[in-house]
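Step one of this worksheet: look at the structure below.
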Amino acid sequence: MNEVHAFAAIQYEYVRQSRSALLEYCATITPSDFLQENSSFGRGSIRNLLVHVANTCEYWIGKVGLQKEMAFTEYEAVSQIKEVEGLFDQIDKLMEEFLTATDGLQLSTIDYKINEKQAQTNAGKLFTHVITHEFHHKGQILSLSRHLGYIPVDTDVIR
1 MNEVHAFAAI
11 QYEYVRQSRS
21 ALLEYCATIT
31 PSDFLQENSS
41 FGRGSIRNLL
51 VHVANTCEYW
61 IGKVGLQKEM
71 AFTEYEAVSQ
81 IKEVEGLFDQ
91 IDKLMEEFLT
101 ATDGLQLSTI
111 DYKINEKQAQ
121 TNAGKLFTHV
131 ITHEFHHKGQ
141 ILSLSRHLGY
151 IPVDTDVIR
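Here the UniProt record's numbering is used: position 83 in the sequence shown is 83, and no number is missing along the way.
Structural data, given as structure tokens:
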């Protein structure tokens, strides 16, 4: 494991720890509130936001980064927080495979197609995109829970 790979693995572990705090908190939310749609919050519900985060990893890390055929998780396939935890266990395995395959985010070009256009990126950008995307939506989830009457917990990396 080279130094960049080790750093990326540590960085991702921080993401996992923060996510774990979020998922523990989400387990305290009633099942109906977990699924309740609110058009003011992007994907509509806490469940949908969590599945969207996983879908983003499935696409960018699995399909683009690893060039795997991916079956994207449907919102309706998940109705409980335990199922979300299982989904993120799969995402963690995908990320581990990605970090190993890219030898710690080597910056060689990765070609992909999006919206019928050819584009290029690299492993470092893919990694950065999915973790910043997750933290963005983590904030939305906490805000949505506050809107539903809950008191959010601290899910920051440093807490």
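Where a beta carbon is used, it is the ideal one built from N, C-alpha and C, also for glycine.
Asked: Cα-Cα separation, Tyr25 to Ala54; Found: 18 Å
Asked: Span separating the alpha-carbon of Trp60 from that of Val130; Found: 7 Å
Asked: Tyr75 versus Thr132, Tyr12, Ile46, residue with shortest Cα-Cα distance; Found: Ile46
Asked: Leu23 vs Val84 beta-carbon contact at 8 Å; Found: yes
Asked: Supposed close pair Asn122, Leu107 - CB separation, criterion 8 Å; Found: 5 Å
Asked: Neighbourhood of Val51 by C-beta distance below 6 Å, restricted to the same chain and skipping five residues each side; Found: Thr73, Tyr75, Val78
Asked: Beta bridge counterpart(s) of Ser121 as assigned by DSSP; Found: The question names Ser, but residue 121 is Thr in the sequence shown. According to DSSP, Thr121 bridges with Ile110.
Asked: Distance cut-off 7 Å: Ile141 Cβ against heavy atoms of the ligand SAH; Found: You won't find the ligand SAH in this model; it holds no ligand whatsoever.
Asked: Arg146 - DSSP class collapsed to helix/strand/coil; Found: helix
Asked: When Tyr12, Arg19, Ser18, Ile29 are compared against Tyr150, the one with the closest alpha-carbon; Found: Ile29
Asked: DSSP three-state assignment for Pro152, whether helix, strand or coil; Found: coil
Asked: Bounding residues of the alpha helix (DSSP H) (the contiguous stretch that carries Asp92); Found: 81-101
Asked: Exposed unless 16 or more other CB atoms sit within 10 angstroms - verdict on residue 205; Found: Given a span of 1 to 159 for the chain in the structure shown, any question on residue 205 remains unanswerable.
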